[in-house]
Amino acid sequence: MRIDVWSDIACPWCYVGKRRLESALGGFEHADDVEVVWHSFELDPSAPVPPVETSTTALARKYGGGPEQIAAMQERVSETAAGEGLDLQLGRTLHLNTRDGHRLIHLALDKGGPELQGRLKEALLDAYFVQAQDVTDRAVLTTLAEGVGLGATEVAEVLESDAYDAAVTADVEQARAYGANGVPFFVVDGRYGISGAQPTEVFAGALQQAWSERRPVLQRVGPAGTTGEDAAACGPDGCELPQG
C-alpha cells in the first residue's frame with residue numbers, strides 16, 4: 001500500500017504531520033507493506049536565493065502585526081511540535097526558497113526509492129527547523145545529500161542544471177488537481193485524502209480502512225441466527241454423510 005505526501009521543506013506543520021503519520025505507522029501491523037512517497041509543494045516559490053530575512057520578519061511583513069505577535073504564534077506551533085518530539089527553532093529559521101531541496105528529493109527517489117527519499121526528507125526538515133541551516137546553500141545541500149547516501153557528483157549534476165525542475169512543477173499541479181491548496185496533504189492508497197497535520201488517530205483510521213478495503217475480511221453467513229457454521233461438504237478425505 002502506498003501513501004503519497006505533498007509537503008514543503010519550510011512548513012512546520014509538514015514536519016508535525018510527518019511525525020504523526022510515522023506514529024500511526026508504528027502502531028499499524030502491516031506497516032512493512034506500506035511505502036511513503038514524498039512530493040513537492042512550494043509555499044513561496046518566489047522566495048529569494050540566498051535568503052535575505054528571517055521567517056519571523058517575512059511573516060510579519062506578509063500578515064501585518066509586529067514581530068512579537070509572530071514570535072508568539074511561532075511559540076504555539078513549537079509547543080505543539082514538542083508534543084511530537086520535535087525541537088523546532090522557528091525564531092531562527094530563514095525565509096528561503098526550497099526548490100533545490102525538492103529537486104534533490106526527486107533525485108533520491110530515483111536513486112534509492114522511497115526509503116532513501118524519506119531519509120533525505122527527514123535530513124532537510126531537521127536541517128531547516130532544528131539546526132536553522134540555510135537549505136538554499138549548495139554546500140549544505142550537498143552535505144545533507146551525501147549524509148544519506150547520495151553521491152557528490154550526482155548531486156552537483158542536479159544542482160548545476162534544471163534536472164527535476166519539471167517534476168517539482170508536476171507535483172504542485174497534481175496537488176492542486178486533488179484540490180489541495182496547502183500542505184501537508186496525504187493521499188492513502190490513492191483513495192483517501194487527509195489535509196493538514198491531523199491527529200495520529202486520523203492517520204491510523206485511514207490506514208486501517210484502506211487496508212481492509214484492499215484485503216477484505218470474509219464474512220461467513222449461514223442460517224438465520226448463526227454465525228455461519230460449516231455445513232455438509234466434501235474434502236480431500238471424502239464427503240460428509242447427511243445428519244439425522
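Oh and the sequence shown: position 223 is 223 in full-length UniProt numbering, straight run, nothing missing. Positions of the beta carbon are idealized from the N, C-alpha and C atoms, including for glycine.
Quiz prompt | Spatial distance of I105 from L116 (CA atoms) | solution = Against the sequence shown, residue 105 aligns to sequence position 105. Against the sequence shown, residue 116 aligns to sequence position 116. A straight line joining the alpha-carbon of I105 with that of L116 spans about 9 Å.
Quiz item: From L159, D126, Y128, A132, pick the residue whose C-alpha is nearest to that of T142; which is it?
Solution: Residue 142 sits at position 142 when you count from the first residue of the sequence shown. Nearest to T142 by C-alpha distance, out of L159, D126, Y128, A132, is L159.
Quiz prompt | Strand pairing of W6, partner residues [DSSP] | solution = Stepping through the sequence shown from its first residue, residue 6 is reached at position 6. H39, F185.
Quiz prompt | Exposure of D162, with buried meaning 16 or more beta-carbon neighbours within 10 Å | solution = Counted from its first residue, the sequence shown places residue 162 at position 162. Its Cβ having fewer than 16 others within 10 Å, D162 is exposed.
Self-check item: Selection from R19, W13, A47, E240 that minimises the alpha carbon distance to M73
Solution: Mapped onto the sequence shown, residue 73 falls at position 73. Selection R19, W13, A47, E240 evaluated against M73 yields W13 as nearest (Cα-Cα).
Quiz prompt | Three-way DSSP call (helix, strand, coil) for Y63 in this model | solution = Position 63 of the sequence shown, counted from the start, is the residue given in the question as residue 63. Residue state, collapsed to three classes: helix.
Exercise. For P184, count neighbouring Cβ atoms within 10 angstroms of its own Cβ and tell me buried if that reaches 16, exposed if not.
Key: Counting from one through the sequence shown, the residue named residue 184 turns up at place 184. Looking at its Cβ environment, which holds 16 or more other Cβ atoms inside 10 Å, P184 is buried.
Quiz item: Going along the chain, which residues of its own chain have a beta-carbon closer than 6 Å to the beta-carbon of E84, five neighbours each way excluded?
Solution: Within the sequence shown, numbered from 1, the residue matching residue 84 stands at position 84. Same-chain partners within the cutoff: V16, R19.
Self-check item: 8 Å Cβ cutoff met for T98 and T54
Solution: Here residue 98 corresponds to residue number 98 of the sequence shown, with the count starting at 1. Here residue 54 corresponds to residue number 54 of the sequence shown, with the count starting at 1. No; because the gap between Cβ atoms is not below 8 Å, this pair is not in contact.
Quiz prompt | Whole-angstrom distance between E75 and residue 256, CA atom to CA atom | solution = For residue 256 there is no data in the structure shown, the boundaries of the chain being 1 and 244.
Quiz prompt | Classification of L109 by the beta-carbon crowding that lies within 10 angstroms, buried from 16 upward | solution = If you number the sequence shown from 1, residue 109 lands on position 109. Buried.
Quiz item: Can you give the Cα-Cα distance for P45 and L96, rounded to whole angstroms?
Solution: Working through the sequence shown from its first residue, we reach residue 45 at position 45. Working through the sequence shown from its first residue, we reach residue 96 at position 96. Just so you know, the alpha carbons of P45 and L96 end up roughly 9 Å apart.
Quiz item: Hey, P48 and D134 are a contact pair by Cβ (cut 8 Å); roughly how many whole angstroms apart?
Solution: Here the question's residue 48 lines up with position 48 in the sequence shown. Here the question's residue 134 lines up with position 134 in the sequence shown. Incorrect: roughly 11 Å between the Cβ atoms, too far for contact.
Quiz item: Taking the C-alpha atoms as reference points, what is the distance between A145 and L120?
Solution: Locating residue 145 in the sequence shown gives position 145, where the first residue counts as 1. Locating residue 120 in the sequence shown gives position 120, where the first residue counts as 1. Using only the alpha carbons, I get a separation of about 6 Å.
Quiz item: Which same chain residues, not among the five before or five after V148, have their C-beta less than 8 Å away from its C-beta?
Solution: The residue labelled residue 148 in the question sits at position 148 within the sequence shown. If we look at V148 and ignore the five residues flanking it on each side, its Cβ neighbours are A108, L116, R119, L120, A123.
Quiz item: Does DSSP classify S195 as helix, strand or coil?
Solution: For the purposes of this step, residue 195 is taken as residue 195 along the sequence shown, with counting starting at 1. Three-state DSSP puts S195 in a strand.
Quiz item: When DSSP builds the beta bridges, which residues end up paired with C234?
Solution: By one-based count along the sequence shown, residue 234 stands at place 234. DSSP lists C239 as the beta-bridge partner residues of C234.
Quiz prompt | For T80, three-class secondary structure by DSSP | solution = Residue mapping note: residue 80 aligns to position 80 of the sequence shown, counting from 1. Helix.
Practice problem: Below 7 Å CB to CB, which residues in the same chain sit around F41 once its five sequence neighbours on both sides are set aside? | Solution: Within the sequence shown, the letter at position 41 stands for residue 41. Taken in chain order, the residues that qualify are W6, S7, D8, D171, V172, A175, V183.
Self-check item: For L94, three-class secondary structure by DSSP
Solution: Within the sequence shown, the letter at position 94 stands for residue 94. Residue state, collapsed to three classes: strand.
Quiz item: Out of T80, E201, T57, which has the shortest C-alpha to C-alpha gap to Q69?
Solution: Locating residue 69 in the sequence shown gives position 69, where the first residue counts as 1. Comparing Cα positions, the closest option is T57.
Exercise. Determine, using beta carbons only, whether A127 and V140 come nearer to each other than 8 Å.
Key: For this step, residue 127 is matched to residue 127 along the sequence shown. For this step, residue 140 is matched to residue 140 along the sequence shown. Yes. Within cutoff.
Self-check item: D33 beta carbon less than 8 Å from that of R103
Solution: Walking along the sequence shown from the start, residue 103 turns up at place 103. Walking along the sequence shown from the start, residue 33 turns up at place 33. No; because the gap between Cβ atoms is not below 8 Å, this pair is not in contact.
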